[in-house]
Amino acid sequence: MAEVSLRGVRKSFGPVDVIKGIDLDVAHGEFCVFVGPSGCGKSTLLRLIAGLEDITEGTLDIGGANMTRVPPANRGIAMVFQSYALYPHMTVRDNISFGLRMVDTPKPVITARVAEAARLLQLETYLDRKPSQLSGGQRQRVAIGRAIVREPEVFLFDEPLSNLDAALRSQTRVELLNLHQTLGATMIYVTHDQVEAMTMADKIVVLQAGQIEQVGSPLELYERPRNLFVAGFIGSPRMNTIPGRIATVIDGAARLELPGGAITHVQLNGTRLAPGPVLLGVRPEHIMVDDPGTSGEGLAGTVTLAEHLGAETILHIEMAHGPVLVARADGRAPQRIGQPVTLTLDPRFCHLFDPAGPALMNAPG
Amino acid sequence: MSATVGRIAVAGPVPATWWRRHQMALAPAILLAPACLLFALFVIWPIADSLWVSLHDWDGIKPMRFVGFGNYTELFTDDVFYTSLVNNVLWLVAFMLAPVFGLALALLLNQTLFGMRLVKSLFFFPFVISQVVVGLVFGWFLNADFGLLNVLLGFIGLPPVDILGDERWATFGVMAAGLWPQTAYCMILYLTGLTAINPELVEAARLDGARGWRLLRHVILPQLRPATFIAIVVCVVGALRSFDLVSIMTKGGPYDSSSVLAFYMYQQTFASFRYGYGAAIATVLFLIMDVYIAFFLVSLLRRERR
Amino acid sequence: MHLTRTLAAAAVVSGLLAAPVAAGTIVFNTDTSDPQPKAAFEAVVKQFEAENPGVTVKMNVYDHESYKSSIRNWLTSAPPDVALWYSGARMRQFVTPGLLEDVSALFTPETRVQFSPKVLDTVTVDDKQFGVPYSYYQWGLFARTDLLQKAGVGDIKTWDDLLGACDKLRAAGIEPVDLGSKDLWPTAGWFDYIDLRLNGYEFHTQLTEGRVSWQDPKVRDVFAHWKQLLDHQCFIKNHTSLSWQESQSLLYQGKAGMMLIGNFITQGIPADAAANIGFMTFPTITAGLPQTEEAPIESINIPTGAKNKADAMKLLAFMMRADVQTTVNKTLRQLPANNQAQVSDDRYLKAGAAQLGTAVHLTQFLDRDTSEDLATIAMKGFQEFMVKPERLDAVLANIERARKRIYASN
Amino acid sequence: MFPTPLQKQSPGARGLYRGVVSISLLVWLLPLFAIALTSTRSLDDLSRGNYWGWPTDLRIAENYTAVFTSSPMGRYLLNSVVITLPAVAGTLAVSTMAGFALAQYRFRGNIALFATFIAGNFVPFQVLMIPVRNLFVHVIPLYDTVWALVLFHIAFQTGFCTLFMRNFIRELPDALVEAARIEGVGELRIFWHVVLPLVRPALAALAVLEFTFIWNDYFWALVLVQSDTARPVTAGLQALAGQWLASWQLMSAGALIAAAPSIVIFFAMQRHFIAGLTLGAVKE
């Protein structure tokens with residue numbers, strides 16, 4: 005079994021703390037994605053697991069064994085680098101077999117493993133080429149092949165798709181997931197792209213400034229973000245946040261004053277909240293856009309931009325007294341730029357946040 | 037093909053030997069050892085030893101006699117030392133022309149017509165030649181009796197000049213020889229710099245209406261800053277180290293008027309056998325250079341930190 | 057330097073242990089890189105080895121100029137068994153710190169008489185001999201007799217004759233005196249001779265030994281005479297940018313009348329010019345002074361640290377012999393130091409032998425008679441004076457400052 | 012491109028440009044033409060004062076042969092080769108190892124050590140003259156042998172070459188080394204199998220550059236050797252200058268012979284040479 009667990013892991017470079025205490029368990033066979041903005045420490049965390057950086061404090065266990073001070077080669081891991089790290093002076097075959105050759109693996113074993121990896125990754129016809137003669141996607145597969153032949157218990161991926169174009173990226177995502185199915189190994193995957201995280205992960209770890217903001221399945225994070233950061237990071241277009249005030253709480257529902265004096269009501273579902281400033285969070289698909297006058301309680305605004313994506317239209321609406329909101333409308337939405345509209349927030353899908361960050365209440369829906 | 041612990045052992049038969057465990061610390065030490073050893077023995081220690089020798093009176097035979105800063109105080113009263121120091125400053129100033137000439141040449145030659153590659157190489161190759169040969173070539177070119185320069189002066193009706201034999205001109209004659217390869221070097225730096233400028237940047241500037249001198253001044257030159265930096269670095273180093281040409285063309289003469297610190301030091305050491313005094317001159321040269329090394333290091337390390 | 061010394065000692069010791077020099081081998085350092093000296097000493101070594109079976113001589117041939125500095129290195133670190141060197145002050149500077157071996161034993165009553173006292177003096181310190189002189193040569197004016205005749209110049213016997221010759225040659229469109237001062241030392245020939253002829257041997261010796269001020273009126277007098285030569289436009293114009301070799305071609309091409317130089321110049325005289333180039337002694341200035349001439353003497357020495365002194369002494373004894381000196385000097389085109397050796401049949405050497413035979417005193421030339429340090433400063437001063445005579449005071453002050461520094465520390 | 016490419020201009024302008032460049036080149040190389048011309052003259056020409064006219068009869072073969080027969084020029088050239096090749100090889104070896112260590116490992120004093128190499132590279136080497144000479148005379152008995160020069164050149168050039176190699180290796184993706192490390196490849200094997208193949212272009216550039224630097228050295232040849240058995244061609248040429256004073260045709264031929272190897276290397280490996288020289292001239 006190859007579960008990975010980190011306990012109180014810290015990393016500092018000189019006086020700078022980069023990783024500030026991480027506790028995390030990745031189960032055997034899980035596909036775990038570290039996601040976060042650049043500089044959040046996700047790559048460093050991966051390198052700590054790989055053993056490329058020394059852990060300053062805390063412990064790392066892989067497969068139940070303490071690996072905190074074990075050299076990378078002995079941790080039972082393999083890593084695929086963002087740049088693929090292919091040796092330009094070696095053929096594909098030599099690249100894939102390099103590590104095995106350097107630790108004196110018997111020749112027949114090498115041959116068999118390279119053949120198996122090449123078959124799995126459809127690289128058989130390219131084995132004698134140099135990396136410079138391969139396309140981006142092929143190079144990527146070679147890098148994975150090099151990891152596979154080591155037959156590791158844990159695969160580490162450091163933004164492996166960021167050098168591919170959009171079409172290839174979604175295709176490779178699927179291939180990687182298939183590979184995960186086939187190999188059944190634990191995979192830890194670093195990306196800054198929340199779409200990748202959402203589509204691939206069994207478990208997402210959102211990192212920010214060296215700390216874990218939230219851990220959970222993609223839908224958990226999407227629906228129940230623990231704080232403003234996660235709420236804003238997961239989902240595209242991002243969640244709208246509107247500053248407001250809880251004026252009164254009556255019968256488990258809050259009366260919310262929004263900028264410009266608009267009023268809306270939010271069911272608190274048992275959460276006890278006191279009057280005071282809050283941020284109202286609502287995802288674009290939960291804002292209904294109507295012509296003015298259709299609904300009495302709506303917020304008035306003007307369309308400033310309409311992005312027609314075919315299946316849907318992303319409308320940017322400047323509120324009369326407040327921020328620009330983004331709403332996801334039907335692909336054939338009739339609204340045009342400059343047009344005044346009325347917005348209705350679906351009360352079932354409203355989140356409330358403390359202006360300092362933590363979620364006060366996630367949407368019940 | 038699911039992974040098992042047992043199979044990993046085959047993939048990575050990496051016994052955790054003593055070497056394995058410590059190689060991250062040992063490898064750099066081993067790799068650095070030869071360089072550090074050689075550098076310490078032939079560069080670092082000699083600098084210290086040279087400073088030590090400079091505090092002594094020593095002719096290489098008799099025991100060294102400690103004289104404190106005696107050699108240095110003597111420098112203050114030594115006319116030849118001053119002449120050499122002033123000449124070094126002149127060299128420094130004159131060598132600042134090399135980047136200017138080099139840039140001019142680079143601008144002239146930065147074309148892609150047929151044959152320009154060869155032309156550029158030909159312009160460059162004075163730099164490839166040994167200074168000994170450059171010295172001989174120029175010494176002869178400037179020869180008072182039959183040098184080509186005087187032949188050419190004769191054509192336009194000017195009297196011959198004895199540049200290397202005249203205290204007023206000797207230094208300039210040697211510096212001219214020094215500028216020849218130095219300009220070539222700067223030229224190649226600028227040519228490379230010009231090639232590396234993003235053409236879109238120049239096009240954009242042209243669209244904004246910048247042309248000729250203004251384009252050069254406001255767009256091209258700032259882009260050439262790295263080249264200028266290196267050009268100045270090598271010119272300063274070249275000017276302070278100047279020895280070969282002086283030694284070959286004038287031997288510091290007439291009567292030390294074209295001497296430079298490096299040459300005067302050599303002469304004091306090996307012609308007058310004043311090791312301590314020679315070392316003191318070397319120290320002064322070293323101190324001048326230190327200011328500059330410090331400047332260079334600071335700017336380089338600052339870049340490193342970024 | 058302690059580290060160096062300790063390591064040096066260790067290196068020497070290990071060197072001794074590691075490579076014992078085979079008995080019967082002599083290491084012989086020479087500065088005979090030029091063709092004629094090289095041939096001369098190769099012949100010497102061959103003959104010596106033939107006469108002393110079992111002894112082999114290993115020659116290390118150095119270039120003439122760098123020999124002067126490198127001898128300091130190996131004399132103090134890894135001395136050979138035998139080395140060529142100069143006599144006089146240059147030798148004494150190595151005798152004082154005990155780097156050269158006393159070879160007085162070679163100068164038995166029989167051999168001693170073969171060397172004139174003035175020659176023997178130059179290898180003698182405290183009544184002990186530290187080298188064997190084997191060769192020397194004369195200095196004087198090498199002149200184009202044909203040009204002098206054409207310009208109406210008669211014998212140059214006195215100072216005024218010399219000044220007159222300058223005027224006449226100049227009038228005839230000939231550069232009177234050829235000189236190449238880029239190497240500095242040719243100027244010292246002029247200084248030495250004017251001083252010797254004007255102030256005499258005693259004063260000159262006091263000056264070169266650092267016992268007299270360079271601002272002494274007698275020294276100023278030397279420069280006053282020199283100034284007369286400048287005023288009479290005796291010297292060629294571009295002498296500062298010419299080496300002595302470069303300058304000599306003016307003499308051969310008939311563009312210049314005379315040159316004050318050592319006999320070594322005769323090696324380079326082209327056949328067609330030889331007939332017209334004569335030798336004369338430098339003219340008299342002060343009448344009645346004992347005749348003194350410049351005659352640099354070469355000698356052969358044994359370093360104190362030599363490993364095979366027994367065989368080294370044999371080589372010195374061999375070099376001392378009249379017959380050997382005859383052959384060597386024939387190839388060298390110089391004069392044998394042994395007065396029983398034969399001067400080779402060469403008119404310049406015959407003239408030189410005659411000149412030096414009558415001389416009462418011999419000097420070794422400024423850069424061998426005084427410290428190299430002082431000589432270099434002085435010779436640069438001479439060159440500067442010749443170009444800018446008005447700077448004489450500064451030049452002399454500078455030399456005097458150096459003299460005080462150098463001779464105070466000794 | 013700046014200045015404006017001439018392809019866009021009239022043929023007349025291009026012709027004018029070619030004229031200007033040709034004349035500049037002629038003036039620029041005039042001293043060299045002069046020396047090349049002289050190396051073909053007969054001695055008669057020179058003694059008759061025909062320094063600059065057309066040679067009355069060409070003596071190319073004679074003069075160039077005479078250089079070798081009348082002087083130890085052949086020996087000097089051989090010495091230069093024997094000094095330069097091991098010195099270049101040694102410098103590259105030592106500095107590649109050091110450059111790799113400084114670029115790839117984090118350890119205390121890394122930057123300080125790096126700065127020391129850079130600073131040492133700029134030291135006016137005359138400062139080292141007396142101690143280094145004493146070292147070779149008294150401690151390491153190699154004075155007046157080619158090995159003194161070889162050793163010293165390796166040591167001194169290590170400063171520059173380490174700076175060069177360190178920066179080059181620094182530019183290589185760290186991942187290449189890390190990937191090998193994860194696969195259990197030993198550090199020294201990483202150096203040999205991964206880094207060395209990757210730095211080949213830098214090695215080529217440095218090799219050419221160092222070849223000319225060391226080949227052209229004059230100062231140390233003067234300080235550390237003195238006999239013909241060890242003297243390289245630069246110092247040899249200067250020594251011959253005394254012997255050949257009147258024989259300008261030999262002097263010129265000798266100078267050209269001495270310069271030839273570095274010129275040949277330059278033209279043969281121009282791309283590498285310029286790449287080495289201009290490293291750092293492009294980006295900041």
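Protein chains in written order, with the numbering used here: chain A, 5 to 369; chain B, 37 to 342; chain C, 57 to 466; chain D, 12 to 295.
Glycine included, C-beta positions come from ideal geometry on N, C-alpha and C.
Just so it is clear, the structure is predicted and the values come from calculations on it, not from any experiment.
(request) Closer than 8 Å by beta-carbon distance: list the chain D residues that pair up with W81(B), in chain order. (result) Locating residue 81(B) in the second sequence gives position 45, counting from the first residue. Here the neighbours are P142.
(message) Is it buried or exposed, K15(A), if we count other Cβ atoms within 10 angstroms and call 16 or more buried?
(response) By 1-based counting over the first sequence, the position of residue 15(A) is 11. Counting Cβ neighbours within 10 Å, K15(A) comes out buried, since at least 16 surround it.
(request) Express the C-alpha separation of G183(B) and D56(D) in angstroms, rounding to a whole number. (result) Locating residue 56(D) in the fourth sequence gives position 45, counting from the first residue. Locating residue 183(B) in the second sequence gives position 147, counting from the first residue. Looking at the two C-alpha atoms, the distance is approximately 15 Å.
(request) Given a cut-off of 9 Å, decide if G45(A) and G220(A) are closer than it, judged by their beta-carbon atoms. (result) Here residue 220(A) refers to the residue found at position 216 of the first sequence. Here residue 45(A) refers to the residue found at position 41 of the first sequence. Going by C-beta atoms, G220(A) is not nearer than 9 Å to G45(A).
(request) Over the uninterrupted beta strand (DSSP E) stretch that includes M83(A), give me the two end residues. (result) The residue given as residue 83(A) occupies position 79 in the first sequence. Segment 81-84, the beta strand (DSSP E) holding M83(A).
(request) Look up S191(C) in the DSSP assignment and give the residues it is bridged to. (result) As a working note, residue 191(C) is residue 135 in the third sequence. Its beta-bridge partners are E354(C), P392(C).
(message) For the beta strand (DSSP E) containing L162(C), name the first residue and the last one.
(response) The count along the third sequence starts at 1 and reaches residue 162(C) at position 106. Per DSSP, L162(C) belongs to no beta strand (DSSP E) and is neither H nor E.
(request) Buried or exposed for R177(D), please, with buried defined as at least 16 other CB atoms from any protein chain shown within 10 angstroms of its CB. (result) Along the fourth sequence, read from residue 1 onward, the residue named residue 177(D) stands at position 166. With 16 or more other Cβ atoms within 10 Å, it is buried.
(request) Report yes if the C-beta distance between P135(A) and V96(A) is below 9 Å; otherwise report no. (result) For the purposes of this step, residue 135(A) is taken as residue 131 along the first sequence, with counting starting at 1. For the purposes of this step, residue 96(A) is taken as residue 92 along the first sequence, with counting starting at 1. In contact: P135(A) and V96(A) (Cβ atoms closer than 9 Å).
(message) On the CB-based measure, 16 or more other CB atoms within 10 Å of its CB, does Q304(C) come out buried or exposed?
(response) In the third sequence, the residue the question calls residue 304(C) occupies position 248. It is buried - the Cβ of Q304(C) has at least 16 other Cβ atoms within 10 Å.
(message) Less than 9 Å between the C-beta atoms of F177(B) and L189(B), yes or no?
(response) Mapped onto the second sequence, residue 177(B) falls at position 141. Mapped onto the second sequence, residue 189(B) falls at position 153. Not closer than 9 Å, so no.
(request) Sort P362(A), G264(A), G302(A) by Cα distance to A324(A) and report the nearest one. (result) Indexing the first sequence from 1 puts residue 324(A) at position 320. That would be G264(A), whose Cα lies nearest to the Cα of A324(A).
(message) Once DSSP output is grouped into helix, strand and coil, what is the label at K15(A)?
(response) Looking up residue 15(A) in the first sequence gives position 11. Here K15(A) sits in strand by DSSP.
(request) Compare the Cα-Cα distances from A207(C) to each of S191(C), L218(C), K224(C) and report the closest residue. (result) Reading the third sequence from its first residue, position 151 is the one you call residue 207(C). Among S191(C), L218(C), K224(C), the Cα nearest to that of A207(C) is on K224(C).
(message) DSSP has D21(A) in a bridge; who is on the other side?
(response) Within the first sequence, the letter at position 17 stands for residue 21(A). S16(A).
(message) Here's a check: name, in chain order, each residue in its chain whose Cβ is nearer than 6 Å to the Cβ of Y249(C), leaving out the five neighbours to either side.
(response) On the third sequence, position 193 is the one that residue 249(C) refers to. Cβ neighbours of Y249(C) beyond the five flanking positions: F338.
(request) Kindly provide the ranges of any beta strand (DSSP E) runs that are 3 or more residues long and lie completely inside the region 106-166 of chain A, ordered along the chain. (result) 158-162
(request) Specify the secondary structure class of N146(B) as computed by DSSP and reduced to three states. (result) The count along the second sequence starts at 1 and reaches residue 146(B) at position 110. Three-state DSSP puts N146(B) in coil, outside helix and strand.
(message) Helix, strand or coil for A78(C)? Go by DSSP, reduced to three states.
(response) Counted from its first residue, the third sequence places residue 78(C) at position 22. In this predicted model, A78(C) has a pLDDT of only 49, less than 50, meaning its place in the structure is not dependable enough to derive any value.
(message) Going by DSSP, what residue range makes up the beta strand (DSSP E) through N145(D)?
(response) Sequence index remark: in the fourth sequence, residue 145(D) carries index 134 (1-based). That residue, N145(D), is in no beta strand (DSSP E); its alpha helix (DSSP H) goes 140-145.
(request) Could you give the DSSP three-state label for Y229(D): helix, strand or coil? (result) As a position in the fourth sequence, residue 229(D) is number 218, starting the count at 1. In this structure, Y229(D) counts as coil in the three-state DSSP scheme.
(request) Could you spell out where the alpha helix (DSSP H) holding Y226(B) opens and where it closes? (result) What you label residue 226(B) is simply residue 190 of the second sequence in a count that begins at 1. Element bounds for Y226(B): 206-232.
(request) Can you tell me the Cβ-Cβ gap for G149(A) and L127(A), rounded? I've got them flagged as a contact below 8 Å. (result) Walking along the first sequence from the start, residue 149(A) turns up at place 145. Walking along the first sequence from the start, residue 127(A) turns up at place 123. The pair is a contact, with the Cβ atoms about 6 Å apart (cut-off 8 Å).
(message) Three or more C-beta pairs under 8 Å: does that hold for the region 235-253 of chain D against the region 71-88 of chain D?
(response) yes
(request) With DSSP collapsed to three states, give me the class of P75(A). (result) Position 71 of the first sequence, counted from the first residue, corresponds to residue 75(A). Coil at P75(A), not helix or strand.
(message) For a test of your reading of the model: does the CB of F163(C) fall under 8 Å from any non-hydrogen atom of the ligand NAP? Yes or no.
(response) With respect to the ligand NAP, the structure offers nothing, as it holds no ligand at all.
(message) Rounded to whole angstroms, what is the Cα-Cα separation between N121(D) and A112(D)?
(response) Within the fourth sequence, residue 121(D) is the residue found at index 110, counting from 1. Within the fourth sequence, residue 112(D) is the residue found at index 101, counting from 1. If you take the alpha carbons of N121(D) and A112(D), they lie about 9 Å apart.
(message) On the CB-based measure, 16 or more other CB atoms within 10 Å of its CB, does E239(B) come out buried or exposed?
(response) Position 203 of the second sequence, counted from the first residue, corresponds to residue 239(B). Answer is exposed; the Cβ neighbour count stays below 16.
(request) Just confirm the distance between the C-beta atoms of A244(C) and P232(C), as a whole number of angstroms; I'd bet it's less than 8 Å. (result) The residue labelled residue 244(C) in the question sits at position 188 within the third sequence. The residue labelled residue 232(C) in the question sits at position 176 within the third sequence. With a Cβ gap of about 19 Å, A244(C) and P232(C) do not count as contacting.
(request) Can you tell me which of R128(C), D87(C), P135(C), K94(C) puts its alpha carbon nearest to the alpha carbon of A368(C)? (result) Within the third sequence, numbered from 1, the residue matching residue 368(C) stands at position 312. Ranking R128(C), D87(C), P135(C), K94(C) by Cα distance to A368(C) puts P135(C) first.
(message) Three Cβ pairs or more, each shorter than 8 Å: is that satisfied between the region 8-27 of chain A and the region 168-181 of chain A?
(response) no
(message) Suppose the cutoff is 7 Å on Cβ atoms and the five residues either side in sequence are ignored; what does the same chain contact list for L290(D) look like?
(response) For the purposes of this step, residue 290(D) is taken as residue 279 along the fourth sequence, with counting starting at 1. Around L290(D): F175.
(message) I'd like the ranges of any alpha helix (DSSP H) spanning at least 4 consecutive residues and lying wholly in the region 381-438 of chain C.
(response) 403-414, 422-425
(message) Please classify F13(D) as buried or exposed, where buried requires at least 16 neighbouring CB atoms within 10 angstroms.
(response) Sequence index remark: in the fourth sequence, residue 13(D) carries index 2 (1-based). So F13(D) ends up on the buried side.
(message) Can you pull out the residues from the region 168-179 of chain B whose beta carbon lies closer than 8 Å to at least one beta carbon of chain D?
(response) V168, V169, L172, V173, F174, W176, F177
(request) Take A15(D) as the anchor and find which of V122(B), W249(B), F208(B), I66(B) has the nearest alpha-carbon. (result) Locating residue 15(D) in the fourth sequence gives position 4, where the first residue counts as 1. Note that residue 15(D) is Thr in the sequence shown, not Ala. Comparing Cα-Cα distances from T15(D) to each of V122(B), W249(B), F208(B), I66(B), the minimum goes to W249(B).
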